[in-house]
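The block underneath contains the structure these notes are about, expressed in structure tokens.
Numbering (my numbering), first residue to last: 36 to 175.
Quick look at the structure:
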């Protein structure tokens, strides 16, 4: 007497729902993530009701902390080093934007000396960063 063997059902793992969930998570994180340039440098920018938040492609960022410490491209420098670094931009300075992110408590004279360095090296555009306090339209 011959016994028939039962065919075993092949075990399959359906990955389609898993791929769907991964894509949904990817979309969620892409939408909910804010792409604000937040640095590890502790700077409390002053508030202003006017201004624009335009990001320039050719941009030099200089940070001034409350205690007067200067950071160029997130590297701590002194005034002489900053002068040397800015002098490297002499050929492209007119096309490069100079963005100063100064703490609201930094001494005014320190800000002026950094701005003066930028002007001496021929930077075409000078911007001083602030936080916007204007209400968002449509949120009323």
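We put the beta carbon where it would ideally sit given N, CA and C, even for glycine.
* To do: Under 7 Å Cβ to Cβ from residue 153, same chain only, skipping five residues before and after it: list those, please.
  => 121, 133, 161
* **Residue interval of the alpha helix (DSSP H) (run including residue 160)** => From DSSP, residue 160 is part of no alpha helix (DSSP H) but of the beta strand (DSSP E) over 160-163.
* To do: Since I believe residue 117 is in contact with residue 145 (beta carbons under 8 Å), could you give me their beta-carbon distance rounded to a whole number of angstroms?
  => With 8 Å as the limit, residue 145 and residue 117 do not qualify as a contact, their Cβ atoms being about 11 Å apart.
* To do: Output the residue ranges of the alpha helix (DSSP H) runs that lie fully inside the region 84-168 and measure 4 residues or longer, sorted by chain position.
  => 114-122, 143-155
* Asked: So residue 64 is in the alpha helix (DSSP H); what residue range does that whole segment cover?
  -> Where residue 64 is concerned, the enclosing alpha helix (DSSP H) stretches over 51-67.
* Return the CA-CA distance between residue 114 and residue 64, expressed in angstroms with no decimal places. => 41 Å
* Asked: In angstroms, rounded to a whole number, what distance separates the CA positions of residue 163 and residue 156?
  -> Cα-Cα distance, rounded: 17 Å.
* Is it the case that the Cβ atoms of residue 78 and residue 136 are separated by a distance below 7 Å? -> yes
* To do: Within its chain, find whatever has a CB closer than 7 Å to the CB of residue 138; leave out the 5 residues flanking it on each side and keep chain order.
  => 78, 79, 99, 100, 101
* Asked: If you count every other CB in all the chains shown that lies within 10 Å of the CB of residue 158, and 16 or more means buried, which is it?
  -> buried
* Does the Cβ-Cβ distance between residue 131 and residue 95 come in under 7 Å? -> yes
* Under a Cβ-count criterion, where at least 16 other Cβ atoms within 10 Å of its own Cβ denotes burial, should residue 129 be classed as buried or exposed? -> exposed
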